[in-house]
Every structure is written in C-alpha cells, then in structure tokens.
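What follows is the structure in structure tokens.
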C-alpha cells in the first residue's frame, strides 16, 4: 500500500509539473489544464492516504491526531508544503501569470515532495539532492508524455525538448550517484541488500529508457514511427517511477526508514 501511494504521488508530480512545463515551453497551450488538476488531485489523494496509513498503524485516528501529524512532524509539514506549492502552481497556470512565479511554485512543490521519504532525516543537503532528482525526472517524464499526446508531432518539437532531456539525464545521474553514496556506504550493499538490488533494477530501467530515447531520435530523423517509440519510452519511464516508489519505501542498509512512520505524542 505504501509503495502504491508513493507511486501515485510521483504520478501526480509528473502530471502537474510536466503539463505546466509543456504548456509554458515545449508545446505552448497544450495540454489543457486537466492533467495539472489531475496531478494535484493525485498528490492530495496519495499524501492523505499515507497520513491515514501511518496514523492507523499508530492507533491514532482522531481528527486532532491528523492535525498534529500534518503540523508538528517533518513529514506532515513537507506534505503541506508540497500541496501549497502544487496549488499555487495550478493557480499560476490558470491565471497565466509570469513564468518566474510558476518556477517558484514548482520549486516549493518539489521541495515539499523531497521531504516525504528518504529525503527526510538526512539533512538539507540530501533533501536538496532528492528535490533536484525529482525535478529532473519530472522534466523528462512530463516532456515525453506531452510529446506523445501532441498533434502534430514534428522534428522541431524533438529538437526543442532535447536540451531539457539531456540536462535532466545529467542531473539524474549526478544526484543519483550522490544519493546512492549516502544510502549505500559499502560496495557489497549494492547486491547484498534489498535496497541495493532494487536500485540496480531501477538503474537497468533507466538505461532502457535512455536506449528508447535514442531510438526516438532516430525515428524523428527518419520521420517515421516516432510516436510509437515515444510511447515505449513513456512506458519505461512509468516503470521507473514505479520502482522508485518501491525504493522509497525500502529501508537502506544503514537503517533509515522511508520517513512515513513518525511518532506522535498521544
């Protein structure tokens, strides 16, 4: 259940931030506001579900317990921060306010999301890494999903998206390596721990997604079959989000938990 709820939150981030990115830069005016609203709804559903699961496990389900959780725990405050940023981002998009406000709201959103899970409990530096990692993944996933749905689909869109996609891959690689060294301190932990094994699966899926991206570029160059290749890349990226959700709910060998279980004073 925890992994499913985490996956829903990642899907919400990708839909909300990715659709705004596309509307502002990649495919102006497309998609509509529906994906952004759906992303905000998924974030609210996922984090409300995680709060419910955590408090139910603690036997604390009264309304005051919920209020205490979201206002006095690091995870609860991170969720509130993320929802505040997401709501502001959608409002900025509806009102067509300047892009700088959209970037600010997006930053608040990913900073909040980075405090839910392994980004909580390791300090500002690791949380910043998680925020940058989430932002880069959102740019990649959101851009691909936008290209899949846009009509017409031409080489000019691919050329426009390429710098952002490459930048996202570089940020993902750099932050991923740094986060891995925080959570896996010995080489043997990569294969001897469930966390390390799950991370290896994720890296394999990312490698397949990169291969799919290369095939997309070739399809655009041939002007044939680009949409089919984009769909394959999108499916692989969705799989990456899924395995990342599993990873976020797996305890690293060092013993730090996923950040959802928080002790409250009765």
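In full-length UniProt numbering, the protein residues as written are 1 to 266.
Virtual Cβ for every residue (Gly too), placed ideally from N, Cα, C.
Reduced DSSP secondary structure (H/G/I, E/B, other) of residue i
i	result
residue 246	helix
residue 252	coil
residue 97	coil
residue 116	coil
residue 75	helix
residue 88	helix
residue 50	helix
residue 62	coil
residue 137	helix
residue 154	coil
residue 35	helix
residue 27	coil
residue 12	helix
residue 306	Residue 306 cannot be examined here, being either before or after the span of the chain that is shown, 1 to 266.
residue 19	helix
Buried or exposed by the 16-neighbour rule on C-beta atoms within 10 Å, applied to residue i
i	result
residue 133	buried
residue 47	buried
residue 137	buried
residue 125	exposed
residue 72	exposed
residue 51	buried
residue 35	buried
residue 204	exposed
residue 177	exposed
residue 123	exposed
residue 78	buried
residue 115	buried
residue 1	exposed
residue 214	exposed
residue 59	exposed
residue 92	buried
residue 75	buried
residue 32	exposed
residue 127	buried
residue 6	buried
Chain-order list of residues whose beta-carbon lies under 8 Å from that of residue i (same chain, five-residue window excluded)
i	result
residue 37	90
residue 30	22, 23, 146, 149, 150
residue 172	133, 136, 137, 140, 206
residue 53	1, 2, 5, 260
Proximity test, residue i beta-carbon vs the ligand MG heavy atom, cut-off 8 Å
i	result
residue 242	No copy of the ligand MG occurs in the structure displayed, which carries no ligand at all.
Beta-carbon proximity list for residue i, same chain, < 6 Å, skipping 5 on both sides
i	result
residue 252	183, 195
residue 108	85
residue 15	35, 38, 39
residue 82	109, 112, 113
residue 232	212
residue 228	none
residue 155	220
residue 70	76, 80
Close-in-space but distant-in-sequence residues of the same chain around residue i (CB under 7 Å, 5 per side omitted)
i	result
residue 21	139, 142, 143
residue 226	153, 216, 219, 220
residue 87	40
residue 44	83
residue 250	194, 195, 198
residue 239	205
residue 160	26
Nearest-angstrom beta carbon gap, residue j and residue i [assumed within contact, 8 Å]
i	j	result
residue 8	residue 42	5 Å
residue 157	residue 241	Residue 157 to residue 241, Cβ: 23 Å. No contact.
residue 247	residue 202	6 Å
residue 236	residue 200	16 Å between Cβ atoms; not a contact.
C-beta neighbour in chain B for residue i, strict 9 Å
i	result
residue 240	Of the protein chains in this structure there is only one, and it is not chain B.
Of all the alpha helix (DSSP H) runs that stay within the bounds of the UniProt domain "Copper resistance protein D" (156-247), which reach a length of 4 or more residues?
189-192, 194-222
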